[in-house]
Each structure stands twice: as structure tokens, then as C-alpha cells.
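Number of protein chains: 2
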Amino acid sequence: MAKDVPVNAVKISLELVDLLRELDGAGVSEVAKQLDKPTSTIHDHLRTLEQQEYLVKEGDTYYVSTRFLQLGAHARSRQKVFKIARPEINELAQVTGEHANLMIEEHGVGVFLYRSRGPDAVRLDTHSGMRVPLQTTALGKSIMANRPREEVERILDRHGLEAVTDRSITDREELFDVLEQVRERGYSYDDEERVKGMRCVAAPILNEDDYAIAAVSVSGPKSRMREERFTEELPNQILKSANVIEVNLTYS
Amino acid sequence: MAKDVPVNAVKISLELVDLLRELDGAGVSEVAKQLDKPTSTIHDHLRTLEQQEYLVKEGDTYYVSTRFLQLGAHARSRQKVFKIARPEINELAQVTGEHANLMIEEHGVGVFLYRSRGPDAVRLDTHSGMRVPLQTTALGKSIMANRPREEVERILDRHGLEAVTDRSITDREELFDVLEQVRERGYSYDDEERVKGMRCVAAPILNEDDYAIAAVSVSGPKSRMREERFTEELPNQILKSANVIEVNLTYS
DNA sequence: ATGTCTTTCCGCTATGGCCGGAAATGAGGA
DNA sequence: TCCTCATTTCCGGCCATAGCGGAAAGACAT
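Chains as they are written, first to last, in my numbering: chain A, 1 to 252; chain B, 1001 to 1252.
Structure below.
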């Protein structure tokens, strides 16, 4: 708990904001309890964040404000790959009927930059901005498979191999074997490794140096993700989309 | 510059983040110059924010990270009116062909919660999360017109009546006259008060106490926003949508 | 009314935020 | 290759202030 960051007060406030997101709003004493700090300290931070308009106060409950919407929209539109991939992702969702997704890596975790719901898509709690361990998604595996091994090692050193379901990969060597296959095959699978009952097919988006800058995927219920559709049709559609995005990225 | 917030360090970091958004990324010395602080101080803050994963560093340039995307998505989906209004806004954009928008008030400013592009919509720099003075949009006027006068006075005291174009309303009494008309008529106009060449029609979304909780609008180029379409057709379509949203809000 | 829980306020104290200065780093340019 | 300039990064000290304990002010039951 010592001095691990230069400005500790900022760290407290940021943890506080993220906690308010998780709790979907809370009062002073609840936050104080969760962060194990005096109420007076938490109160100081809450007031500061509220005065700066990063929180809103309704009664005695504080919530994260839409200031973050502006910052988030900016952070996303800053990514070239986002605006180029978006129409392709929408198209992919339409033709497959399922959810189509775009992921990037940031600080060693997978970030859903965009997702589009197809006509038959099932309700799911995945949403834009969501952060997940890379090895638990087909998207993340496609990204890791096309990064230098040393870089992947650094990411694993930092974040470990936490399991999310009982199908998640938890052994480092096993993961590298899988990544090797993914790299050769050109696309990746996720069979209930993150969400029970869901399967996913993904392909990487590579730059000129064959370095993965993002990945696209289609995900849906296991019942619809099987046989030739799972092994041929979807991979081909996704690879085609990924390729179109790659081409559009180089000429822009 | 004195002690206006309980935790000043947090204020500095937040200003820093917002500056990075405006600049679309910057290095230490540029931020230091803009905020008029020593580079060493700015460096401490940038490192803290980067270690907490709220910024990303590419070379010597810091950018806002997609952590904000997650927080922003949460802040938005927390609003009941968002998920209920979204399909209606999409519909409105489709049938009118123009941009359709949803705005709420937060901390006395108008926040674009959602916007949908119709088939004929013109390119525009307005985007989700954008914050604008209430009196410069039809949306904001519809909201203010259906709030208690004392509340509107407080907002104006806090934010003033800054003009954005030469058509913006800058006189307080004139504004209250306009709001009175808007309240009686049930919908509001914006004739190039925020963006040159753009017109807008908006209607409020009221709760059971006739208190405005949001507003919906359609905006487009002046050339298409005229005659009966501007005075009859669009207002009717928007009022209908607003009414559907109101009904769905009460039964949910 | 009384007690319990919360939020809010107040003022002290030790800490760590802020800063000046210096050391690295890196990008041209000669 | 070496120098120059600009920038980032590191370091150490001082004193403002972040954090906290304690108390007051509400809120809401019983």
C-alpha cells in the first residue's frame, strides 16, 4: 500500500470512480467501507469529483457522469481501425445474424471497441468498452497469436492466466501451443471459454509488418455455431471482412 | 487559484485528461505549458494516470485510454430514458432522413446522449457525449421550458449566456420569453443558433409531473428544413416520438 | 422523543504533492 | 561522429495540503 504511484490522491479518486461504476452508484459510507478509508477522506474525493462534474449526486448517492461519455467517445474515435472497421462489423452482423465485434489490446487486456447486433443476436452482457483477459476470447487469441512471443510473455507476466469459466486456458505452454495453431490457421475459436453456451470465431487485423492491431469476430449460441457453419462458412466470412479492413487501413 | 476543491491534485489530473482530449494527445512539456505548471508536476500526474490505465503512452505522447469508454457506456446506459428512447430515435432518423438526437441536462449543460444518422444526414461534428450550452439548441430550450423558473435561473447564474453564433440568444429576458412560447407550443426551434446553416426541431420528454427529463430532436440543413415540413410535418413526427417515449417510460 | 445511521463539517498534523534543478534521452544538423 | 537543442525523466527537499479523527448536523426509523 506504499507509494506505488507519484500522486496517490489521484489513484484514490480513480479507484473510487471505477467502484461507483461497479456498484452503479453509492453513498459516502458504502464507498468508504469498500475502499477501507475514512468517510471524511472519501467525502473529500466525492465532492471534488462532483464539483468537477465527473460525478452526479442524486440525493445522497453519487453516480458516474456523462463526462466520461465524451472522453470515451474520443478515445474510441481516435483509433483509426474503429471508423474503418465499423461498417464492416455492421455488415458482418447483418449477414451472419449474430453479434459481430471489434477488439483491440490496451495495457495488456482486450477491449471491445465496437459491437453490432445482428437480427438473430442473443441478449448478452458484453458491451462496448468492456475489458477482458485476452486469452479468454477468440479475439484476444487472434491478437496474441500475431504478436512477438516476448510481448505476449510480458502481458502474461503482468496479468496472469485467470480462468473465467472451466473451459478457460490456464496453462502458459498450452496457450502458446494454441496460439501457434491460430497463427498458422489464420483465425481462432472460443468454445465457452468466457461465457457459458457461447462460441466465437475471430480473425486478426494485421498491419504491414504482420503485427496484430485488432481483431474481428462473430459470436453466438453454441446451438447455432456448429458443423460447416462453424468450421467453414463463418471463418471465411470473417477472414474476408478482416481482409477488407486491412486493405482499407493501408490505403487511408 | 486558491483552494476551491477539497483535493486539488485530483482537479489537476482531471483538467489534464480533458486537455489531452482537446489536443488529441500531447507530450509532457506541451501539457505543462497549457496548464502553466512545471513539467515535473505534470510528469507525475501523467505517470499516475498512465499506470492506472486511464492514459496510454505512445512514444512520448500521452492519449486518453478506452477506460473512459467503459465508464461512459455505463453512465449512459444508467439513464432509463436512453434505452427506451434509442429505438424511437433510430426510427425518427430513418423516416425523416436527417439526424435525430436525444439530450439530457447534467450540471446545467446539455449532453447529447445519443444520436442517429438518417439516410440523408449531413456530416456534422456533433457526437455522443458532446456538451453544449442549453440555450443554444432546440433540445436545451425544450428542456428549460419545462423546468421551474428558479431552476433555470440557477443554471443561467452558473453558466451565463455565452453566444456560439451570432444568432444565439444572449439576453436573459428574451430567453424566458422564448421559453414561455416553447412551453405553450409544446416544441422548440433552433435556427442556426449553434451551427451555421443548421436548423433543428425538438420536443421535451416529460415525467408525470410535467418536468422535462430529456428532449428529442431532428436537425438538418436549412435548405431542407423549411415551409410545412419545418412548421408542421417534423414537429408532428417529433411530438409523436416524444410521446411514445413518455408512455414507455411510465410503464417500465 | 430517542437512538442509529448517514452525511457533512472542522481543524490538526505528518506526509507526500509540488517544484527547481539536474541528469538522461533523443532528434536533427553540421 | 560529435555537438546542440528540446524534451522527458529522475531526484531531493520544503511546506502546503491530503488524509484523518472527531464532532456536528441531518435522516429515518422505532
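In this text, a Cβ means the ideal position worked out from N, Cα and C, and glycines have one as well.
Residue i at chain A interface by Cβ criterion, 7 Å
i, result
"B/D1044", "yes"
"B/K1011", "yes"
"B/Q1237", "no"
"B/V1028", "no"
"B/V1007", "yes"
"B/R1149", "no"
"B/R1224", "no"
"B/L1014", "yes"
Start-to-end residues for the alpha helix (DSSP H) that takes in residue i
i, result
"A/A138", "138 to 145"
"A/S308", "In the structure as shown, chain A starts at 1 and stops at 252, and residue 308 of chain A therefore has no counterpart that could be examined."
"A/A75", "67 to 77"
"A/D18", "8 to 23"
"A/F82", "80 to 96"
"B/G1252", "Residue identity differs from the one stated: residue 1252 of chain B is Ser in this sequence, not Gly. Taken as a continuous stretch (DSSP letters only), B/S1252 belongs to no alpha helix (DSSP H), as it is neither H nor E."
"B/S1040", "1039 to 1051"
"A/D191", "First-last for A/D191: 188 to 191, but that is the beta strand (DSSP E), not the alpha helix (DSSP H)."
"A/V182", "172 to 185"
"B/V1152", "1149 to 1159"
Residue i, enclosing beta strand (DSSP E) - first and last residue
i, result
"B/K1057", "1055 to 1058"
"A/P204", "198 to 206"
"B/E1105", "1099 to 1106"
"A/S29", "No beta strand (DSSP E) contains A/S29, which is instead part of the alpha helix (DSSP H) from 28 to 35."
"B/R1117", "1109 to 1117"
"A/T61", "61 to 64"
9 Å Cβ cut-off: residues of chain A touching residue i
i, result
"B/E1106", "E53, V56, S65, T66, R67"
CB contact check: residue i to chain B, cutoff 7 Å
i, result
"A/R115", "no"
"A/H127", "yes"
"A/R254", "Only positions 1 to 252 of chain A appear in the structure, and residue 254 of chain A is not among them; the question remains open."
"A/V122", "no"
"A/R47", "yes"
"A/V81", "no"
"A/V95", "no"
Neighbour list for residue i in chain B, Cβ cutoff strictly below 7 Å
i, result
"A/H74", "R1021, V1064"
"A/M103", "The premise fails here: A/M103 is roughly 11 Å from chain B at the closest Cβ pair, so nothing lies under 7 Å."
"A/D171", "Chain B residues near A/D171: none, gap ~26 Å exceeds 7 Å."
"A/V111", "T1066"
8 Å Cβ cut-off: residues of chain A touching residue i
i, result
"B/V1017", "L71"
Within chain A, the residues that residue i reaches when beta carbons sit closer than 7 Å
i, result
"B/R1131", "Q70"
"B/R1078", "D24, Y63"
Count Cβ pairs between the region 50 to 66 of chain A and the region 96 to 111 of chain A that sit closer than 8 Å; are there 3 or more? Below 8 Å, too few C-beta pairs join the region 50 to 66 of chain A and the region 96 to 111 of chain A to call them touching: fewer than three.
Answer yes if the region 233 to 244 of chain A comes into contact with the region 119 to 137 of chain A, meaning at least three C-beta pairs across the two stretches below 8 Å, and no otherwise. Touching, no, given that fewer than three Cβ pairs across the two stretches are closer than 8 Å.
For the region 1028 to 1036 of chain B against the region 76 to 91 of chain A, are there 3 or more C-beta pairs whose distance is under 8 Å? The region 1028 to 1036 of chain B vs the region 76 to 91 of chain A: no contact.
Just checking, does the region 1018 to 1026 of chain B make contact with the region 218 to 230 of chain A on the three C-beta pairs under 8 Å criterion? The region 218 to 230 of chain A and the region 1018 to 1026 of chain B do not touch, with fewer than three beta-carbon pairs separated by less than 8 Å.
Taking 8 Å as the threshold, find out whether the region 1005 to 1013 of chain B comes into contact with the region 239 to 250 of chain A through three or more Cβ pairs. Two segments are said to touch when three or more pairs of C-beta atoms, one from each, lie closer than 8 Å; by this definition the region 1005 to 1013 of chain B does not touch the region 239 to 250 of chain A.
I want to know whether the region 109 to 120 of chain A touches the region 168 to 183 of chain A - three or more CB-CB distances under 8 Å. Contact check between the region 109 to 120 of chain A and the region 168 to 183 of chain A: fewer than three CB pairs, one atom from each, fall below 8 Å, which does not count as touching.
Would you check if there are 3 or more beta carbon pairs closer than 8 Å linking the region 1200 to 1211 of chain B to the region 1153 to 1173 of chain B? Short answer: they don't touch.
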